[in-house]
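Which chain is which? The protein sequence lines are A and B, in order. Letter by letter, the first sequence follows residues 225 to 340 of the working numbering. Letter by letter, the second sequence follows residues 2 to 114 of the working numbering. Where a beta carbon is used, it is the ideal one built from N, C-alpha and C, also for glycine. Since the structure is predicted, the reported quantities are computational estimates derived from the model, not experimental observations. Okay, structure first, notes after.
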Amino acid sequence: DTGVSQNPRHKITKRGQNVTFRCDPISEHNRLYWYRQTLGQGPEFLTYFQNEAQLEKSRLLSDRFSAERPKGSFSTLEIQRTEQGDSAMYLCASRSLGSGDDTEAFFGQGTRLTVV
Amino acid sequence: GESVGLHLPTLSVQEGDNSIINCAYSNSASDYFIWYKQESGKGPQFIIDIRSNMDKRQGQRVTVLLNKTVKHLSLQIAATQPGDSAVYFCAEKGRGTGNQFYFGTGTSLTVIP
Chain A
225 DTGVSQNPRH KITKRGQNVT FRCDPISEHN RLYWYRQTLG QGPEFLTYFQ
275 NEAQLEKSRL LSDRFSAERP KGSFSTLEIQ RTEQGDSAMY LCASRSLGSG
325 DDTEAFFGQG TRLTVV
Chain B
2 GESVGLHLPT LSVQEGDNSI INCAYSNSAS DYFIWYKQES GKGPQFIIDI
52 RSNMDKRQGQ RVTVLLNKTV KHLSLQIAAT QPGDSAVYFC AEKGRGTGNQ
102 FYFGTGTSLT VIP
């Protein structure tokens with residue numbers, strides 16, 4: 225297993241277009257997270273899946289954002305009608321359930337979105 | 002919500018010296034903490050973690066100290082190397098707030114050869 229994989233690594237889109245990102249977590253990690261990171265800031269939580277169930281969503285996740293994890297493995301994050309303010313690095317992380325709740329989250333390399 | 006902040010946004014150290022990066026958190030119910038290292042253009046990389054029932058944990062060249070009384074976390078890097086240059090984030094997971102981690106702004110560490 226090579227870790228969390230995100231595609232594409234970079235995406236440039238025109239304002240108003242839809243974009244979709246994919247995340248392949250570490251196999252057998254049942255927890256999957258999406259974060260957004262802007263320059264000079266720490267990652268901000270967007271949403272969380274346990275298996276295929278989306279259990280938490282941040283208020284940062286507007287109606288234009290939707291995330292899915294249909295089979296409990298890979299996940300997609302779609303942004304509709306992109307705005308310039310959506311330009312950021314979108315990070316995916318996965319985490320095993322472990323013997324408790326204290327297990328580290330492993331991050332992918334991110335997808336850098338630029339909306340022009 | 003939680004607030005995780007770092008005392009110093011930038012830190013420069015000479016190669017071979019020890020580095021200390023500090024972090025304050027506001028949620029006294031947070032029970033698990035992680036330090037991440039992030040190099041330019043890459044995702045955060047796990048360095049070391051600590052649970053709230055501990056006050057110190059050591060790894061290879063790194064030590065994390067947790068002071069729950071003052072809600073303070075620190076990362077000590079021994080014999081800092083040029084490859085340690087990166088942005089360092091502390092992240093906390095609050096008990097009962099779900100499973101997300103809250104990150105601070107980060108401290109940029111520059112190692113001077």
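Contacts that residue i makes with chain B (C-beta to C-beta distance below 7 Å)
{"i": "A/F245", "result": "Result: empty, since nearest Cβ-Cβ is about 13 Å, beyond 7 Å."}
{"i": "A/G266", "result": "F90, F104, G105, T106, G107"}
Contacts of residue i in chain B (Cβ-Cβ under 9 Å)
{"i": "A/L301", "result": "By Cβ distance, chain B contributes nothing, its closest Cβ being about 15 Å from A/L301, past 9 Å."}
Listed by chain order, chain A residues near residue i by CB distance under 9 Å
{"i": "B/I35", "result": "E328, A329"}
Buried versus exposed call for residue i [16 or more other C-beta atoms within 10 Å across all chains shown]
{"i": "A/P267", "result": "buried"}
{"i": "A/L301", "result": "buried"}
{"i": "A/R293", "result": "buried"}
{"i": "A/T271", "result": "buried"}
{"i": "A/M313", "result": "buried"}
Proximal chain A residues relative to residue i, where beta-carbon distance stays under 8 Å
{"i": "B/R52", "result": "D326"}
Contacts of residue i in chain A (Cβ-Cβ under 7 Å)
{"i": "B/G44", "result": "L315, F331, G332, Q333, G334"}
Limits of the unbroken beta strand (DSSP E) element including residue i
{"i": "B/T108", "result": "108–113"}
{"i": "A/F273", "result": "268–274"}
{"i": "B/G95", "result": "87–95"}
Under 8 Å from the C-beta of residue i: neighbouring residues of chain B
{"i": "A/F269", "result": "Q101, F102, Y103"}
{"i": "A/R255", "result": "N100"}
Option in the options with minimal Cα separation from residue i
{"i": "B/F102", "options": "A/R260, A/T244, A/R246", "result": "A/R260"}
{"i": "A/F269", "options": "B/G60, B/G95, B/V63, B/F104", "result": "B/F104"}
{"i": "B/A87", "options": "B/S27, B/I78, B/S31", "result": "B/I78"}
{"i": "A/L321", "options": "A/E252, A/R233, A/Q265", "result": "A/E252"}
{"i": "B/K69", "options": "B/T106, B/L12, B/C24", "result": "B/C24"}
{"i": "B/I35", "options": "B/V112, B/T106, B/F90, B/N100", "result": "B/F90"}
heavy atom of the ligand ZN below 6 Å from residue i C-beta
{"i": "A/G334", "result": "Judged by which ligands are present, the structure shown has none, so any question about the ligand ZN falls away."}
In chain order, which continuous runs of the beta strand (DSSP E) of length 3 or greater are located wholly inside the stretch 8–56 of chain B? 11–15, 20–26, 31–39, 46–52
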